[in-house]
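**Q** Sequence order for the protein chains is A and B. In this note's numbering, each residue's number is its place in the first sequence (first place is 1) plus 128. In this note's numbering, each residue's number is its place in the second sequence (first place is 1) plus 353. For every residue, glycine included, the Cβ atom is placed at its ideal position computed from N, Cα and C. Handing you a structure now.
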Amino acid sequence: MTHVSIKELTKVYPGASEPSLDRLSLEIPTGELTALLGPSGCGKTTTMKMIAGLLDPTSGDVTFDGRSILKDKPENRGVVMVFQNYLLFPYMSVADNIGFGLKMRKMDPAEIKRRVGEMLELVKLPDLGKRKPSALSGGQQQRVALARALIVQPNVLLLDEPLSNLDAHLRFEMRDLIRSLQQEMGITTIFVTHDQEEAVVLADRVALILDGCMKQYDNAEAFYKRPVDEATARFFGGQNFMSGTTRGTVFEASFGQLQLVEGLNQGSGVLTFRPENVLLNGDPSAPNTLEANIADKIYLGTQTRLKLRIGQENVDIITNPSDVEGLSPGDLIRVTLPPQTLWMLTS
Amino acid sequence: MSDRLKITLLLLPAMLIIVLLFFGGLAIGLMRSFNYMPVIGLTEPDLSAYFLVFTDREFYLSFLLTFHIAFTSTVISSILAIGAALLLRRNFVGRSIVNFLFQLNLTVPHLVGAIGMLYLFSQSGSFARLAAEWNLIAKPSQFPALVFDPYAIGIILQYIWKEIPFIGVIVLANMQSIGEDYESVARSLGASRWQTFRHVLLPLIFPGVLSASVMVFAFTFGAYEIPALLGANYPAALPVLAYRKYTDVDLAARPEAMAMAIIIAILSAVMIYIYIRYSRRRIRG
C-alpha cells in the first residue's frame with residue numbers, strides 16, 4: 129500500500145541540450161494502476177528507471193507515502209520493474225527465475241519452492257517450472273516475468289509496455305490477468321506504453337507525456353471527451369478541429385452556429401468532437417443537424433471513414449459500413465453533432 | 354550444386370591442413386612414442402618409452418610445475434580480466450585511451466615480453482638495481498628470485514601480463530552484447546551489487562570466460578618458449594623437458610620425448626574437460 133508522488137522530476141542526460149523529462153509531477157494513489165503514455169523517446173522509460181533507482185534524476189523528487197526514496201538503493205525501494213522484453217535469466221529454469229528475488233533475500237529453499245509453486249498457479253503455468261525460458265512462448269515468458277516480480281510482494285510495480293509484444297488474442301487475456309492480480313494484491317502499479325489502446329484498456333488513470341512534458345492526467349474517458357489541447361486529442365485519434373468563438377452555449381463556426389452544453393471554455397478557441405460521435409441521417413429537427421458533402425469514403429473493414437465538407441470545414445467521421453452503403457463521394461448527407469459530444473479545448 | 358556439397362568443398366582446404374598436419378603429426382608422434390622408428394632399425398613397437406617416462410621422478414615434478422603454471426596463470430588472469438572488463442565497460446573520461454593501453458600488449462610477442470621480464474625482474478635486472486640504489490637491499494643479488502625461481506613466478510607474471518588483455522577483450526565484448534538490463538532486473542528484484550554480479554552477470558558472461566580461459570590454459574600448459582627462457586633448470590616445465598629429450602644426442606631418447614608430448618596432449622584434454630565440467634556446475638548451478 130504505497131502512495132507514489134512524483135515532484136518536478138527532471139532528467140537531462142550528460143551532453144544533451146534538451147531535458148529528456150521536464151518537471152514531471154504526478155500523484156499516484158495507493159493501489160491504482162496508472163499508465164504513462166507517450167510516443168517513443170518522450171521520457172516514459174526514463175521516468176520508470178528513476179523510480180526504480182536504475183537512473184539518477186537531475187532534479188526533482190520521488191516520494192513513497194511522503195518519504196523521499198531517491199537516496200535508497202534500488203534493491204531497498206520495494207519497487208520491481210518488469211521489462212518489455214521480459215529479460216528472464218536464460219540459464220535458469222522458470223522456477224528459479226520466479227524464485228530469484230526470494231533467493232536474494234536468503235529465504236529458506238523449501239519456503240521458496242512453496243511460494244514459487246503458488247505463483248506458477250496464479251499465473252496459470254503450473255507445470256512449466258522445470259522448463260528453460262527459451263522453451264516458452266512470448267505470452268508465457270511475460271507471465272513468468274510478472275510472477276518473478278510479484279513474488280517479492282513489491283510496494284510499487286513498474287511495467288514497461290506490458291502488452292505490446294503480445295498477439296491480439298493474448299492481449300486481453302494478459303490485460304485481465306494483470307488487472308486481477310494487481311487488484312487482488314493492491315499493488316500501486318505504473319506502466320509505460322506508446323499505445324493509447326493499451327493505456328485505455330489497462331489503466332485506471334492515464335498520464336499523457338508529449339515532448340518530455342505532461343499534457344493531461346485523467347481517467348481514460350476524459351482523453352476522448354475532454355482533451356486539453358489539439359496534440360492530446362490527436363494522440364487519441366481526434367481529427368476534427370474548428371476555430372471559432374463560444375458565447376454561453378453557442379459556438380460561432382465558419383458555417384453557422386452550433387449548440388453546446390453549459391460550462392465550456394468561453395471566447396475564441398478550438399472546438400473538437402470525436403469522429404465516432406457524429407450521427408448520420410438522424411432526426412432533422414435535432415440540434416446541430418447539418419448538410420454535408422462527402423469528399424471521400426475509406427472502407428476499413430469493420431468500419432468506414434467518411435471525409436466530409438461542411439461549409440469550408442473538413443470533418444472526419446467513422447461509421448458502420450452498412451450505414452453508408454451506396455453512398456459515394458459527391459453525395460449530400462445529413463449529419464448531427466450532438467451538443468453533449470462537442471468540447472472546447474482548454475488551452 | 355547442393356548445399357551439402359558446397360559446404361564440403363568450402364571446408365575441404367581447412368580440413369586438409371588440420372587432418373594432414375595435426376593428425377598426421379600426431380600419428381607419427383604416436384608411432385615413435387611406441388618405439389617404432391624403422392630409420393634407426395626400431396621395428397618392434399613397445400611401451401618402453403612410456404614406462405621410462407612414468408618411472409622418472411622428474412616427470413612428475415615437471416607435471417606439477419606445469420600444472421601450477423597453467424592453472425595459476427589462467428585463474429589469476431581470468432579474474433583480473435573480468436575486473437578490468439567491468440571497469441572498461443563503464444563510461445568515463447579517457448576510456449578510449451585506457452582501452453587502447455589495455456589492449457596494447459596483445460601485439461607484443463611472448464618472447465619479447467619474456468625478455469622484458471628478464472631485464473626488469475631478474476636479480477641483475479632493473480628493479481634489482483633500483484632497489485639496491487635506493488638502499489632497500491644491500492646488493493642486487495639479494496633481490497627476491499622472480500625469474501628462474503622454483504615457483505615459476507616470472508613465468509606466471511609473463512603469462513598474466515600477456516593473457517589479461519586477451520581474456521579481457523573477449524569478456525568485454527561479451528558484456529557489451531549482453532547489456533545492463535539483466536542486471537537492472539536483478540537489482541530491482543532485490544539483489545545487491547555483489548549478488549547481481551555473482552548470480553546474473555557472471556553466469557551470463559561465463560561461456561565467454563570459459564572459452565577464453567580454456568584457450569589460455571591449453572596454451573600455457575603446452576607452451577615451450579616462456580618456461581625455457583624464464584624457468585628454473587630443475588624441475589623444468591613438461592614441454593621443456595620433452596624438447597630436451599628430443600634434442601638429446603642419443604637418438605634413443607626420442608621415443609621418450611614423443612611419449613611425453615602425447616601425454617601432454619592427453620593431460621591437457623582431460624584437464625580442460627574437468628575444468629569445463631566443474632566450473633559450469635559451480636557458476637550456473
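Work out the CA separation of leucine 373 of chain B and glycine 382 of chain B for me, nearest whole Å.
**A** Going from the Cα of glycine 382 of chain B to the Cα of leucine 373 of chain B covers about 13 angstroms.
**Q** Cβ closer than 9 angstroms: which chain B residues qualify as neighbours of methionine 232 of chain A?
**A** Simply Ala539, Leu542, Gly543, Ala544, Ser545, Gln548, Thr549 and His552.
**Q** Once you ignore the five residues that flank threonine 425 of chain B on each side, which residues in its own chain have a CB closer than 6 angstroms to its CB?
**A** Correct list, in chain order: Ile509.
**Q** Where does arginine 607 of chain B land, buried or exposed, given buried means 16+ other C-beta within 10 angstroms?
**A** Classification of arginine 607 of chain B: buried, given that the 10 Å Cβ count is 16 or more.
**Q** If the cut is a Cβ gap below 8 angstroms, which residues of chain D does tyrosine 535 of chain B touch?
**A** Structure shown: chain D not included; protein chains present are A and B.
**Q** Use the C-beta contact count for tryptophan 471 of chain A: other C-beta atoms within 10 angstroms, 16 or more gives buried, fewer gives exposed.
**A** By the neighbour-count rule (16 or more Cβ atoms within 10 Å), tryptophan 471 of chain A is buried.
**Q** Per the DSSP calculation, arginine 437 of chain A is bridged to which residue(s)?
**A** Answer by DSSP bridge pairing, in chain order: A/Asn421 and A/Asn442.
**Q** Excluding the 5 residues preceding and the 5 following valine 567 of chain B in the sequence, name in chain order all residues of the same chain whose CB lies nearer than 8 angstroms to its CB.
**A** Here the set comprises Ile625, Tyr628 and Ile629.
**Q** Output the distance between the C-alpha atoms of leucine 369 of chain B and leucine 454 of chain B, rounded to the nearest integer angstrom.
**A** Answer to the nearest angstrom: the Cα atoms are 39 angstroms apart.
**Q** Closer than 8 angstroms by beta-carbon distance: list the chain B residues that pair up with phenylalanine 228 of chain A, in chain order.
**A** Result: Ala539, Leu542, Ala544 and His552.
**Q** So, helix, strand or coil for tyrosine 427 of chain A, using DSSP?
**A** Reduced to three states, the DSSP call for tyrosine 427 of chain A is strand.
**Q** Verify the CB distance criterion: does alanine 180 of chain A have a CB-CB separation below 8 angstroms to chain B?
**A** Yes, alanine 180 of chain A lies at the interface with chain B (some Cβ there is under 8 angstroms from its Cβ).
**Q** Between which residues of its own chain and threonine 158 of chain A is the CB-CB distance below 8 angstroms, once the five residues before and five after are set aside?
**A** Met129, Thr130, His131, Gly314 and Thr316, listed in sequence order.
**Q** Hey, could you find the ends of the alpha helix (DSSP H) tyrosine 141 of chain A is sitting in?
**A** Segment: none, tyrosine 141 of chain A is in no alpha helix (DSSP H) and carries neither H nor E.
**Q** Determine, for arginine 209 of chain A, whether the minimum Cβ-Cβ distance to residues of chain B falls below 8 angstroms.
**A** It should be noted that the sequence gives methionine, not arginine, for residue 209 of chain A. Cβ-Cβ to chain B under 8 angstroms: yes for methionine 209 of chain A.
**Q** Quick check: is the beta carbon of valine 280 of chain A nearer than 8 angstroms to any beta carbon in chain B?
**A** Chain B, which has a Cβ nearer than 8 angstroms to the Cβ of valine 280 of chain A, makes this yes.
**Q** Listing by chain order, which chain B residues have their CB less than 9 angstroms from the CB of arginine 276 of chain A?
**A** Simply Val538 and Leu542.
**Q** Name the DSSP bridge partner or partners of leucine 152 of chain A?
**A** Answer is A/Leu137.
**Q** I believe asparagine 416 of chain A touches leucine 436 of chain A by the beta-carbon criterion, under 8 angstroms. Please report the beta-carbon distance rounded to the nearest angstrom.
**A** Going by Cβ atoms, the distance from asparagine 416 of chain A to leucine 436 of chain A rounds to 14 angstroms, so no, they are not a contact pair.
**Q** Between the C-alpha atoms of glutamine 495 of chain B and glutamine 476 of chain B, what's the straight-line distance to the nearest angstrom?
**A** Near 7 angstroms, if we compare the C-alpha coordinates of glutamine 476 of chain B and glutamine 495 of chain B.
**Q** Could you give the uninterrupted runs of the alpha helix (DSSP H) lying entirely in the stretch 358-425 of chain B, keeping only those of 4 residues or more?
**A** For the stretch 358-425 of chain B, whole alpha helix (DSSP H) runs of length 4 or above, ordered along the chain, are 377-386 and 401-408.
**Q** In chain order, what residues of the same chain have a beta carbon less than 7 angstroms from the beta carbon of phenylalanine 369 of chain A, not counting five sequence neighbours either side?
**A** These residues qualify, in order along the chain: Glu358, Val398 and Thr400.
**Q** Proline 588 of chain B CB to nearest chain A CB: under 8 angstroms?
**A** So, not an interface residue.
**Q** Enumerate in chain order the residues of its own chain whose CB-to-CB distance from aspartate 502 of chain B is below 8 angstroms, with the five nearest sequence positions on each side excluded.
**A** For aspartate 502 of chain B, where only same-chain residues beyond five positions count, the Cβ hits under 8 angstroms are Ala585.
**Q** With contact counted as at least three CB pairs below 8 angstroms, one residue from each stretch, are the stretch 201-218 of chain A and the stretch 275-284 of chain A in contact?
**A** Output reads yes: the stretch 275-284 of chain A touches the stretch 201-218 of chain A.
**Q** Using a 10 Å radius around the Cβ and a threshold of 16 neighbouring Cβ atoms, would you call lysine 343 of chain A buried or exposed?
**A** When all chains shown are included, lysine 343 of chain A counts as buried.
**Q** Are glycine 227 of chain A and valine 244 of chain A closer than 8 angstroms when you measure CB to CB?
**A** Yes. Within cutoff.
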